[in-house]
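Notes to accompany the following structure.
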Amino acid sequence: MYVVGIDLGGTFFKVGLVDAESGKILRKLERETKVNEGGDSVIQRMADAVEEITEGIEYIGVGIGSPGSIDHDKGIVRFSPNFPGWVNFELGGLLSNKLNKPVFVENDANAFVLGEKWFGAGKGYNHIVALTLGTGVGGGVISHGMLITGHNGIGTELGHVIIEPNGPQCGCGNYGCLEALASATAIRRMALEGQKKFPESVIFQSENVDAKSVFEAAKMGDGLGKAIVDRVVNALSIGIANFIHIFNPEIIVVGGGVSRAGDILFEPIREKVQHLVMPSFKGTYKIVQSPLVEEAGILGAASVILQNVNKPK
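Per the numbering used here, residue 961 is the first one in the sequence shown, and the count goes up by one each step.
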């Protein structure tokens, strides 16, 4: 059984033909989104890409992981800052008409947790919390095997739980959100804020000041690097402990570019969360790094179609 996953971004979109049994991406390609050419043009480019990678192969449908507020029941992008003008845009229906195949659309963070359920670290689990740490912080929750989306389908914005009420301002307008403390954007901001006080930090000897250079500096014992990593670990640990108390997951999967830091991030988080959770929750969960890495977007999108065709009637 084959499915198609589309990882839709404001600059590029990636399309993959996925073997639903093994989770292997058999064919994939990347195209410019060219949002400025209008929604109809984007739909046509997506349709052409799907037809190209599925030539000669029968597939059951298409799943799309899209940024923004998504009405997943109707396949509509209600609003997305990445796509100016896409207000109540019928993404799923328009692409389905082009391809004559079922098309399901989901928020990209929700697609991420679905990808973990079907193909990643969450396979075999029915209670999953997933966090993706990239430019922002996204999250999704599965309970009893079903995606939690809330009344309007836009719930589980885990990156916007407030960790430090008087902390740095987040892009959403609030202060001290998890995203403002643990995203790649936040890590870079903290490094640049510390440059005046720590001009000799090895962070600034790197070609790029980014999350990777901060973690590398921390591993070398650099003072500023260690201070930033401590703050990130603290924020994530508080957030994850709260999610454990609220959702009682079996597994918490952390992915995205920041997760590639590995043990320097995960070991202290596991230790701190262990101290933060109530006694009754100790030993009920595990915290792991996502194994999907570069393929998370396509596999997450592909899992959207699987979740929908397999959900109870």
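Ideal placement from N, C-alpha and C gives every residue a C-beta, glycine not left out.
Burial state of residue i, where buried means 16 or more other Cβ atoms lie within 10 Å
i, result
"residue 1056", "buried"
"residue 1040", "buried"
"residue 1229", "buried"
"residue 1284", "The question about residue 1284 has no answer here: the residues shown for the chain are numbered 961 through 1273."
"residue 989", "exposed"
"residue 1275", "In the structure displayed, the chain extends from 961 to 1273; residue 1275 sits before or after that span and is not available."
"residue 1165", "exposed"
"residue 928", "Any answer about residue 928 is impossible in this case: the structure gives the chain only from 961 up to 1273."
"residue 1267", "buried"
"residue 1117", "buried"
"residue 1017", "exposed"
"residue 1192", "buried"
"residue 1215", "buried"
"residue 1253", "exposed"
"residue 1084", "exposed"
Helix, strand or coil at residue i [DSSP, three-state]
i, result
"residue 1067", "strand"
"residue 1108", "coil"
"residue 968", "strand"
"residue 1039", "strand"
"residue 1155", "coil"
"residue 1090", "strand"
"residue 1232", "helix"
"residue 1143", "coil"
"residue 976", "strand"
"residue 1182", "coil"
"residue 1170", "coil"
"residue 1033", "coil"
"residue 1082", "coil"
"residue 1119", "helix"
"residue 1211", "strand"
"residue 1058", "helix"
"residue 994", "coil"
"residue 1196", "helix"
"residue 1073", "helix"
"residue 963", "strand"
"residue 1138", "coil"
"residue 989", "strand"
Span of the alpha helix (DSSP H) around residue i
i, result
"residue 981", "Run containing residue 981: none; DSSP gives neither H nor E here."
"residue 1220", "Run containing residue 1220: none; DSSP gives neither H nor E here."
"residue 1010", "999-1013"
Continuous beta strand (DSSP E) stretch holding residue i: start and end
i, result
"residue 1264", "From DSSP, residue 1264 is part of no beta strand (DSSP E) but of the alpha helix (DSSP H) over 1256-1269."
"residue 1101", "1097-1103"
"residue 1248", "1246-1249"
"residue 1026", "1022-1026"
Close-in-space but distant-in-sequence residues of the same chain around residue i (CB under 7 Å, 5 per side omitted)
i, result
"residue 1059", "1007, 1010, 1022"
"residue 1053", "1035"
"residue 1048", "1036, 1038"
"residue 961", "980, 981, 1020"
"residue 1255", "985"
"residue 1221", "1175"
"residue 1251", "1080, 1081"
Own chain residues within Cβ distance below 6 Å of residue i, not counting five before or after
i, result
"residue 1027", "1040, 1042, 1068"
"residue 987", "977, 1013"
"residue 983", "1079"
"residue 1186", "1178"
"residue 968", "1024, 1026"
Residues of its chain near residue i, where Cβ-Cβ distance is below 8 Å and the 5 sequence neighbours each way are ignored
i, result
"residue 994", "1001, 1002, 1005"
"residue 1149", "1128"
Distance cut-off 7 Å: residue i Cβ against heavy atoms of the ligand COA
i, result
"residue 1235", "As far as ligands go, the structure on display features none, and thus does not contain the ligand COA."
Given 8 Å, three or more beta-carbon pairs between the segment 1117-1132 and the segment 1236-1248: no
Segment contact flag, the segment 1166-1180 with the segment 1104-1120, C-beta cutoff 8 Å, min 3 pairs: Contact check between the segment 1166-1180 and the segment 1104-1120: fewer than three CB pairs, one atom from each, fall below 8 Å, which does not count as touching.
Three or more C-beta pairs below 8 Å linking the segment 1043-1055 and the segment 1073-1093: no
Inter-stretch contact at 8 Å, needing at least 3 Cβ pairs: the segment 1174-1183 / the segment 1228-1243: Contact between the segment 1174-1183 and the segment 1228-1243 is not established, with fewer than three Cβ pairs separated by less than 8 Å.
Meets three-Cβ-pair contact criterion under 8 Å: the segment 1184-1200 and the segment 1139-1147: yes
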